[in-house]
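Working notes, structure below.
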Amino acid sequence: MSSIIDGKAIAAEMRQEMAQDVEKLTAVGTTPGLAVVLVGDDPASRVYVSMKEKACAATGIFSDEHKLSAETSEEELLALIDRLNNDSRIDGILVQLPLPDHIDENKILDAILPAKDVDGFHPYNVGRLATGNPLFRPCTPYGVMKMLEHTGVELAGKEVVVVGRSNIVGKPVALMCLAANATVTVCHSRTRDLEAQVAKADILIAAVGRPEMIRGAWVKPGAVVIDVGVNRVGEKKLVGDVEFEAAKERASAITPVPGGVGPMTITMLLYNTVESARRRAEAK
Ligand code: NDP
C-alpha cells in the first residue's frame, strides 16, 4: 500500500510561498507580469487560459490577457509578441497552444524572447536544458521534479523509466532526471517489451495519453509512480496512464489522477514568471 503524492497540497503550499515573494517584488517596484495570448475560441484552451488568469490574480501576479479572434494573421500575432517582448511590465509570455492551422506554431514560439519564455519551449531554452544550464524549464516536467523533491525522493543513482518522448513532457523530464544523476530510460511507441522496461523502474514517469495502459502488475514493488497522463473515460471520469488501483498496492508512492501532476503545471508557470521578475529586479 503506497502513500499518495498530493499534487493539490504541494501546489497550494508553493503558491502560498510565491504570493509572499510577489509581495516582496511588488514592494521594490517589480510586480511580476504574465502575458497570456489566446487565439480563437477552442473551449479547452479558454478553460486553461481562465485558470491561468485566476491563478495569477490569487498570487498577485499582473496578468495581461490578449484574446484574439481565430482570423488573426500570423503577422498580427508576431507584431503582438514583439510588443510584449519589449514591454517592461511583462516577465513571461505564454501563447496558448494549439494555434489555428494558418499560423506556424514554431515561428510564433521562436519569436518569444527566450528571457520571457516561461513555458520553456523556445529552442534556446531547450538547448540550455539539454546542456545542463537551464534558464526556464517546461512547466509540467518541472512540476514532476518539484513533486519528487517535496516527497523526499532522491534521484541520484536510481533507475528512472519515462514512458513517452514528447517535447513538452517526456524528453524534458528525462533531461531533468539525467541532470539529477538518475540512470534514465525513455520508452515510446516502438519500445519492445514495455513491461520489462517498466518493471526495472525505481521511479516511473508515465506521459503517454492512453488510459491505464501501464498495468499495476508491471510496477516494481516499492517504486515511485508519477502519472502525467490525463485521459477522459466516458462522460466525466478522468484516469491516468497507469492502472492506479493495482499500482498503488505495489508502489511506495504514487500520484492520483486527477489531483496529481495536473495542479503543478500552472503552479510552475507562476513559479517561472516570479523567477523571471526576480531576474528583472536584480538587473535594475
Ligand atoms: P504526446 O501524444 O505528444 O506523446 C505521447 C508519447 O507516448 C509519445 O512519445 C508516444 O510515442 C508515446 N506512446 C504512445 N503510445 C505508446 C505505447 N503504446 N507505448 C509506449 N509509448 C507510447 O503526449 P504528451 O506528452 O503531450 O502528453 C502525454 C499525456 O500527458 C497526455 O495524457 C496529456 O493529456 C498529459 N499531459 C498532462 C499535463 C498536465 O498538466 N497534467 C500536461 C501535458 C500533458 P511516439 O513518440 O513513438 O509516438
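Position 247 (the sequence shown) corresponds to 247 in my numbering; numbering is contiguous. Glycine included, every Cβ here is placed at the ideal spot set by N, Cα and C. If you're wondering where the values come from, they're calculated on a predicted model, not measured in any experiment.
Residue pairing by DSSP puts CYS187 in a beta bridge opposite VAL163. Here the region 32-40 makes no contact with the region 241-249; the two share fewer than three CB pairs at distances below 8 Å. Under the 10 Å beta carbon count, GLY92 is surrounded by 16 or more other beta carbons and is classified as buried.
Not one heavy atom of the ligand NDP sits closer than 7 Å to the Cβ of ASN106.
Within 7 Å of the C-beta of HIS122 there is not a single heavy atom belonging to the ligand NDP. Distances between the C-beta of ASN231 and the heavy atoms of the ligand NDP include at least one below 7 Å. Going by beta carbons, GLY60 and VAL261 fall outside the 8 Å limit. Collapsing the DSSP output to three states places ALA251 in coil.
Proximity to VAL160 across VAL169, LYS146 and CYS177 peaks at CYS177, based on C-alpha coordinates. The Cβ-Cβ distance between VAL225 and ALA251 falls below 8 Å.
Taking 8 Å as the cut-off, the Cβ atoms of HIS150 and ILE10 count as close. Proximity of the region 125-144 to the region 103-113 falls short of the contact definition, fewer than three beta-carbon pairs being nearer than 8 Å.
LEU94 is not a Cβ neighbour of VAL126, given a cutoff of 8 Å.
Judged by beta-carbon spacing, ALA196 lies beyond the 8 Å limit of VAL228, meaning their Cβ atoms are not closer than that value.
Less than 8 Å separates the beta-carbon of PRO100 from that of ALA70. Contact annotation: VAL233 and PRO211 have beta-carbon atoms nearer than 8 Å. When DSSP states are grouped into helix, strand and coil, LYS52 belongs to the helix group. Residues of the same chain with a CB within less than 8 Å of the CB of THR255, apart from the 5 flanking positions on each side, are ILE4, ILE5, GLY7, MET147, VAL225, ILE226, ASP227, GLY240 and VAL261 in chain order. Checking the DSSP bridge columns, you'll see ARG232 partnered with LEU238. A distance criterion of 7 Å places the beta-carbon of ARG192 beyond contact range of the ligand NDP, judged by its closest non-hydrogen atom.
Positions of the beta strand (DSSP E) runs, each at least 3 residues long and wholly inside the region 50-107, are given as 62-68 and 92-95 in order along the chain.
The continuous stretches of alpha helix (DSSP H) do not include ASP227, which lies in the beta strand (DSSP E) extending over residues 224-227. The nearest non-hydrogen atom of the ligand NDP is 7 Å or more from the C-beta of SER45. Set against 7 Å, the gap from the CB of ARG128 to the closest heavy atom of the ligand NDP is not smaller.
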